[in-house]
Amino acid sequence: MSKSVLSDATIRATKPNNKKDVRLFDGSGLYLLIKPNDSRWWRLDYSIDKKRKTLSIGTYPVTSLADARKKAFELKKQVAEGVDPSINRKASKEQDAKVLEEKERILNGQPPIDSFKYVAEEWYNKKMQQMADSYRGRLYSRLERDIFPYIGNQPISDITAQELLTVIQQIESRGAIESAHRTLRTCSQIFNYGIVTGRTQTDISASLKGALSSVKGSHFSAITDIKQL
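Sequence positions in the sequence shown follow this note's numbering and run 2 to 230.
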């Protein structure tokens with residue numbers, strides 16, 4: 002950084018101009034912007050990819066001169082490394098907003114974004130509306146009873162075939178063999194919907210074919226036959 006020229010005494014002694022902004026420069030793009038109402042904002046001008054940009058790095062005196070210099074130094078290091086701090090800051094804010102939204106969803110009893118339940122409900126609302134009410138009711142009841150309590154809040158992309166099999170086998174263990182098959186088929190459709198919408202890469206249910214007991218006296222149709230779910 003070039004030689005700093007500002008001091009706290011200079012900042013305190015500078016009065017606002019009631020007609021225009023006042024800028025007190027400290028070197029290397031850092032300056033204090035004093036508004037006509039005497040609000041004081043630290044700003045950093047920098048150039049990256051042949052573009053001139055400005056970042057706000059706090060207000061004075063909450064952010065002291067020494068702290069402003071430290072922040073400016075760290076931001077200039079990012080620029081020197083080819084990182085645009087304004088883009089970095091935007092990404093950080095978006096991530097913070099996403100975390101906050103996730104917390105609010107959980108507090109409100111809603112599934113986390115891109116969890117199995119979130120994707121399943123989206124699939125259900127888009128793909129099942131043309132089906133009979135009784136059919137849709139049975140399908141959703143199976144999910145609500147047998148799937149959501151166990152893997153509903155997990156990210157759909159993190160669920161393993163073993164985890165899904167364990168859940169499906171719980172249905173099978175109570176003698177509901179046909180229901181276990183139907184629920185597995187429904188899960189397959191949800192995973193495939195997750196694939197085409199970019200939430201996951203694999204239909205893990207496909208590797209479970211043959212893992213369940215056969216349904217006696219019944220010929221199960223292909224997994225793509227949605228009306229038989």
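We put the CB at the ideal spot given by N, CA and C, even for glycine. Keep in mind the model is a prediction, meaning the values are calculated, not measured.
(request) For S214, I'd like the list of residues in its chain whose CB is within less than 7 angstroms of its CB, leaving aside the five on either flank, ordered along the chain. (result) Taking C-beta separations shorter than 7 angstroms and ignoring five residues to either side along the sequence, the partners of S214 in its chain run E173 and I178, following chain order.
(request) Indicate whether Y194 and V120 have their beta-carbon atoms separated by less than 8 angstroms. (result) In contact: Y194 and V120 (Cβ atoms closer than 8 angstroms).
(message) Taking contact to mean 3 or more Cβ pairs, one atom from each stretch, closer than 8 angstroms, check whether the segment 57 to 69 and the segment 41 to 49 are in contact.
(response) A contact between stretches requires three or more CB pairs, one per stretch, nearer than 8 angstroms, and the segment 57 to 69 meets this requirement with the segment 41 to 49.
(message) Taking 6 angstroms as the limit between beta carbons, can you name the residues of its chain near F26, skipping five residues before and five after?
(response) Cβ within range, chain order: Y32.
(message) In whole angstroms, give me the CA-to-CA distance for I224 and D85.
(response) Model confidence at I224 stands at a pLDDT of 38, short of 50, so the residue's coordinates are unreliable; what they give is reported in the following sentence. Rounded to whole angstroms, the gap between the alpha carbons of I224 and D85 is 49 angstroms.
(request) Express the C-alpha separation of Q111 and I35 in angstroms, rounding to a whole number. (result) Near 45 angstroms, if we compare the C-alpha coordinates of Q111 and I35.
(request) Pull up the CB-CB distance for L209 and L140, whole angstroms please, since I reckon it's below 8 angstroms. (result) Contact flag wrong, Cβ pair sits at about 19 angstroms.
(request) Compare the Cα-Cα distances from D22 to each of I12, T15, P37 and S29 and report the closest residue. (result) In terms of Cα proximity to D22, the closest of I12, T15, P37 and S29 is P37.
(request) Kindly indicate which three-state DSSP category P86 falls into: helix, strand or coil? (result) DSSP places P86 in helix when its eight states are reduced to three.
(request) Report the residue ranges of all alpha helix (DSSP H) runs contained in full by the segment 104 to 137; include only those spanning at least 4 residues, in chain order. (result) Runs of the alpha helix (DSSP H) spanning 4 or more residues and lying entirely within the segment 104 to 137 occur at 117 to 128, in chain order.
(request) Assign K94 to one of three DSSP states: helix, strand, or coil. (result) In this structure, K94 counts as helix in the three-state DSSP scheme.
(message) With the cut-off set at 8 angstroms, would you say P156 and D115 are in Cβ contact?
(response) Taking 8 angstroms as the Cβ cut-off, P156 and D115 qualify as a contacting pair.
(request) Quick one: which unbroken alpha helix (DSSP H) runs of 4-plus residues sit fully inside the segment 154 to 192? Chain order, please. (result) Positions of the alpha helix (DSSP H) runs, each at least 4 residues long and wholly inside the segment 154 to 192, are given as 162 to 174 in order along the chain.
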